[in-house]
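If you read the sequence shown in my numbering, its first letter stands for residue 923, the second for the next number, and so on.
Presented below is the structure to which this report refers.
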Amino acid sequence: MPGLKKTIEIAAPPEVVRAKFLDWQQIPNYHPDGFFKTIKPADPSKPLEVGDKLILELQPMSFTPKLIENSPNRFRWLGSLPGVFTGEHNFSYEPSKTTPGGTTFSQWEEFSGILSFLMGEGALAKWYGMREQSATGWEKFNQDLKKFCEESK
923 MPGLKKTIEI
933 AAPPEVVRAK
943 FLDWQQIPNY
953 HPDGFFKTIK
963 PADPSKPLEV
973 GDKLILELQP
983 MSFTPKLIEN
993 SPNRFRWLGS
1003 LPGVFTGEHN
1013 FSYEPSKTTP
1023 GGTTFSQWEE
1033 FSGILSFLMG
1043 EGALAKWYGM
1053 REQSATGWEK
1063 FNQDLKKFCE
1073 ESK
């Protein structure tokens, strides 16, 4: 099963990083022209709960995954084109072991389905470029979130 992971150290406590991450209305301000365009609940009139749908606009697509975890140190969703491609995306904010008082922020995804090979490291996947595009987008998001968190400490 192909997977992808990107991690960054942020000089802010995990609870600050989590709060900033969940402040999705700010994404256009700190991550303009980035990979993640919109993350929001499909039903903004109620508190977000496990099982709820999210609306995601990414570069270059949009979809509506299901929230499967929203805990103090992790946020996860599951998105799919049934039987063809499924991705479980994870964001974590853990106390840093290298940055005193800071956070190790990670995002990773595991892919399955008949088209999951496109996120692998084979020749066809490299030619298609989806893995590299995602890796670059995630790194940019991580850097932008880091700056957003550290500037507003």
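For glycine and all other residues, C-beta sits at the position ideal for the given N, C-alpha and C.
Beta carbon of residue i nearer than 8 Å to that of residue j
i                  : j              : result
phenylalanine 1063 : histidine 953  : yes
proline 935        : threonine 1021 : no
valine 972         : leucine 1000   : no
glutamate 1061     : lysine 968     : no
leucine 976        : serine 1056    : no
glutamate 1016     : glutamate 1032 : no
asparagine 995     : serine 1018    : no
leucine 970        : asparagine 992 : yes
phenylalanine 957  : leucine 1067   : no
glycine 1035       : threonine 1008 : yes
aspartate 974      : aspartate 965  : yes
Range of the contiguous alpha helix (DSSP H) that encloses residue i
i                 : result
glutamine 1055    : 1052 to 1073
phenylalanine 958 : First-last for phenylalanine 958: 958 to 963, but that is the beta strand (DSSP E), not the alpha helix (DSSP H).
leucine 944       : 936 to 944
asparagine 992    : Not the alpha helix (DSSP H): asparagine 992 falls in the beta strand (DSSP E), residues 988 to 993.
proline 966       : No alpha helix (DSSP H) contains proline 966, which DSSP labels as neither H nor E.
proline 950       : 949 to 952
Integer Cβ distance of residue i from residue j, believed to fall under 8 Å
i              : j              : result
glutamate 1072 : alanine 933    : 5 Å
lysine 959     : leucine 980    : 6 Å
glutamine 1065 : isoleucine 930 : 7 Å
Residues bridged to residue i [DSSP beta-bridge criterion]
i              : result
glutamine 1029 : Lys928 and Phe1013
threonine 1008 : Ser1002 and Ser1034
lysine 975     : Lys988
leucine 980    : Phe958
Chain D within 8 Å of residue i, Cβ atoms only
i               : result
asparagine 1064 : Absence of chain D from the displayed structure is noted, only one protein chain being present.
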